[in-house]
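**Q** Chains as they are written, first to last, in the numbering used here: chain A, 2 to 111; chain B, 17 to 130.
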Amino acid sequence: SQQGEEDPQALSIQEGENATMNCSYKTSINNLQWYRQNSGRGLVHLILIRSNEREKHSGRLRVTLDTSKKSSSLLITASRAADTASYFCATSRGFQKLVFGTGTRLLVSP
Amino acid sequence: DTEVTQTPKHLVMGMTNKKSLKCEQHMGHRAMYWYKQKAKKPPELMFVYSYEKLSINESVPSRFSPECPNSSLLNLHLHALQPEDSALYLCASSQVVDRVGGYTFGSGTRLTVV
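Take a look at the structure:
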C-alpha cells in the first residue's frame, strides 16, 4: 500500500510552542502534500513539496522531505489554538492518485 | 470562486433508497475526485475523473455510481447501500497535472445509512 504513516497519532501542546509531525511512506513519489482537517469537515491544502525539493516554507509552516528515507516532516511554529486540527500527509505518483497518511491529531491549548 | 460546493451537507437514507450526492466547482479544474472518510481515519480515494472521463475506480462496489455531466459538476449516485457505507463523502478538484495548489476539497456530505 502507498499509504503513509504519521507519528505521533496525537500531539498536545501549549500555545506558542512548536509542533512537529512526521510522515513515512512506502513507494516512490512525485510529490508530497500536507492537509489540515478541522473536526470532520473538508480538508485544506497547506503545502506541496516536490520529490526534487528538500525543504519548503509557507508562513509558520516548514516542510522537509527526505526521499532516501521516504519521510517528511511538518513543523508549525508558534502554534495557536486555531491550529487545533488533524493533519494529513498525502503522496502521489501520478498527481491524480493522492493517497493520505494516517494523520496526526493536534491539540493546542490556550 | 475558489470553492468546491457539496450538497447536501447531511443525508440519512434507508438501505432501499436511491439518492445522489452533488459536487460543483468553478475554478476551471479538469480533475475531480470522490473520497470516503470514516471516523478517525484518513480519506480513501474512490473515483477520479479527468476531463469528464472516469480515469480511476478504486474497486468501489457498484452500489456507488459516479457521474460527471460537465467540467463543473460531479455526482455520486447511491443505491442499496449498507449501514457500513455511513461515512463522510468528500469531493475534491484539482488541475490535471502537478501544480503548486494541490487539491481543493468541499466540506463533505455526512451520510448515514439506516
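No residue lacks a Cβ here, since even glycine has one placed at the ideal position from N, Cα and C.
Everything numeric in this text was worked out from a predicted model, so none of it was measured.
Hey, does residue 2 of chain A have any beta-carbon neighbour from chain B nearer than 8 Å?
**A** Interpretation of residue 2 of chain A is limited by its pLDDT of 49, a score under 50 that renders its predicted location unreliable; the figure taken from the coordinates is listed afterwards. It does not: the Cβ of residue 2 of chain A has no partner Cβ on chain B nearer than 8 Å.
**Q** Determine which residues of the region 40–73 of chain B have a Cβ less than 7 Å from any Cβ of chain A, and write them out in chain order.
**A** 47, 58, 59, 61, 64, 66, 71 and 72
**Q** Quick check: what's the CA-CA separation for residue 54 of chain A versus residue 110 of chain A?
**A** 33 Å
**Q** With 8 Å as the threshold, decide whether the Cβ of residue 49 of chain A is near any Cβ in chain B.
**A** Interface residue, yes.
**Q** Any Cβ of chain B within less than 8 Å of the Cβ of residue 26 of chain A?
**A** No, residue 26 of chain A lies away from the interface with chain B (no Cβ there is under 8 Å from its Cβ).
**Q** Distance check for residue 67 of chain B and residue 42 of chain B, CA to CA, integer angstroms please.
**A** 14 Å
**Q** Can you list the residues of chain A that residue 119 of chain B reaches, using a CB-CB cut of under 9 Å?
**A** 34, 36, 44, 46, 91 and 99
**Q** Do the region 69–81 of chain A and the region 2–19 of chain A touch if we need at least three Cβ pairs shorter than 8 Å?
**A** yes
**Q** Name the chain A residues that come within less than 7 Å of residue 122 of chain B, Cβ to Cβ?
**A** 43
**Q** Name the DSSP beta bridge partners of residue 13 of chain A, please?
**A** A/108
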